[in-house]
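So the structure is just underneath, and the comments pick up after that.
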Amino acid sequence: MQANSGAKLGIGVIGCGNISMTYLRNAALFAGVELRACADISAEMAVLRGKEYGIRALGVDALLADPEVDLVLNLTIPAAHFDISFSALSAGKHVFTEKPLATSASDGRKLVAEA
């Protein structure tokens, strides 16, 4: 999947806890990207971040299916990194995740193979 030349890369954030605020606040510094949606296990947190940063709050499945989201920024807890990243890759999305990539080397290898 490639963004059209001149088009911005649409970002969907999954994981709307404290660390998300740094990413959401600084996204405006990068001309080639645009925040498009956010999701969290807590719908209330997603709605709160969505309102704060002017983006849509969606469920995880809806965000993964959204054609406007090119890249999933995985800011979930480490135990959820594999499931979210694998689901995003399977949905044809690019993925950026905080460390660890996964909680086991075998899961990390599965993610690399899927990517």
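Heads up: the sequence shown begins at 1042 in our numbering, then just goes up one per residue. Cβ atoms here follow ideal geometry from the backbone N, Cα and C, with glycine treated the same way. Since the model is a prediction, treat every value here as computed from it, not as a measurement.
Just so you know, the alpha carbons of LEU1099 and ILE1125 end up roughly 15 Å apart.
In the three-state DSSP reduction, ALA1068 falls in the helix class (H, G or I). Per DSSP, GLU1093 lies in no beta strand (DSSP E); the unbroken alpha helix (DSSP H) holding it starts and ends at 1084-1094.
With a contact defined as Cβ atoms closer than 8 Å, LEU1065 and VAL1054 qualify at about 7 Å. As the crow flies, the alpha-carbon of ILE1060 is around 10 Å from that of GLU1139. According to the DSSP assignment, LEU1152 belongs to no beta strand (DSSP E) but to the alpha helix (DSSP H) extending over 1146-1155.
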